[in-house]
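The structure appears below as structure tokens.
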């Protein structure tokens, strides 16, 4: 257990109980023997409108069956730093739900970090700095990427789809994008600290995976970059402090077959520990809350 972080453990696959727990605590574990892939899909369909992640059916993730909204988590066996799913673009998911079919023999734990508790534990000066800090993400999307994301085939259609993305923006977000040839160049403004689904201010972003990051074959393949308003990088000393505090409020999920983890993508960041077992199989679905 981590002091200050309470993630309820539920014994039934009940969407209502899970949502109540997530709104109050930011996350919930479900441990019911015999939970199946069908149960996982039925549960998540009741909770949210599932979305297809742009990395599905690429080097990063594989779809599961005929439904592209169900996929493997990122492939590979390396550790993945804490991050907020899709935080570099509008319309990122409200909820993430993980389902374990087969855990690794050793390692391969999912790491969950409560951004609300992390924010509370930062030094006062650091907390004041990040609380109203804008982050600017910039990236390029090749035709293969934007065609999959928008479900269109040409630049003219993609421009229309890009304009529609404006309806997904939250009050603190802004998107600027245009094509140079057939490559989409985007710039997205968001906050380092955002409100959770329960209204709790949370340090929930992807600075820890993209700022000063190392390259990997299985994540961050595209040229995602993050900077401050003046183009400077996030201060390295503050990032080191944040990483250190994050370690003290992170929970490691030791998987068993059939386990589920559901969490608020605006409060809990997630990552994983490294492992050496090609049989590990954890699936993911994500989406936007129903009746929001």
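Residue numbers (the working numbering): 46 to 337.
Even glycine gets a Cβ: it sits at the ideal position worked out from N, Cα and C.
Source: prediction; values computed, not measured.
For residue 188, the enclosing alpha helix (DSSP H) covers residues 188-195. At a Cβ-Cβ threshold of 8 Å, residue 330 and residue 153 do not count as neighbours.
By alpha-carbon distance to residue 312, the top candidate from 323, 242, 50 and 118 is 242. Collapsing the DSSP output to three states places residue 255 in a helix. According to DSSP, residue pairing for residue 128 in a beta bridge involves 315.
Residue 309 counts as buried, since at least 16 other C-beta atoms from the protein chains shown sit within 10 angstroms of its C-beta. Boundaries of the beta strand (DSSP E) harbouring residue 332: 326-334, taken from the DSSP string. Residue pairing from DSSP places residue 116 in a beta bridge opposite 108 and 329.
Short of 6 Å from the beta carbon of residue 66, and not among the five residues preceding or following it, lie these beta carbons of its own chain, in chain order: 53 and 73. For residue 235, the enclosing beta strand (DSSP E) stretches over residues 228-236.
Take residue 148, set aside five residues on each side of it, and the residues of its chain with a beta-carbon closer than 6 Å to its own are 300, in chain order.
Contact between residue 272 and residue 143 is ruled out by a C-beta separation of about 31 Å, above the 8 Å threshold. Contact between the stretch 124-135 and the stretch 105-115 is absent: fewer than three C-beta pairs spanning the two stretches fall below 8 Å. Cβ contact annotation for residue 182 (same chain, cutoff 6 Å, sequence separation greater than five): 133, 233 and 271, in chain order. Counting along the chain, the unbroken alpha helix (DSSP H) around residue 207 starts and ends at 200-209. Following the DSSP letters along the chain, one finds residue 73 inside the beta strand (DSSP E) bounded by residues 72-75. For residue 155, the closest alpha carbon among the candidates 171, 124 and 248 is that of 124. With 16 or more neighbouring CB atoms inside 10 Å of its own CB, residue 106 falls in the buried class.
Contact annotation, residue 252 with residue 174: C-beta distance approximately 13 Å; criterion of less than 8 Å not satisfied.
A residue is called buried once 16 or more other Cβ atoms fall within 10 Å of its Cβ, and residue 83, having fewer, is exposed.
DSSP lists 240 as the bridge partner or partners of residue 246.
Looking at the DSSP output, residue 166 bridges to nothing. Judged by beta-carbon spacing, residue 247 lies beyond the 8 Å limit of residue 324, meaning their Cβ atoms are not closer than that value. The alpha-carbon separation between residue 281 and residue 326 amounts to approximately 35 Å. Nearest to residue 178 by C-alpha distance, out of 277, 166, 205 and 136, is 277.
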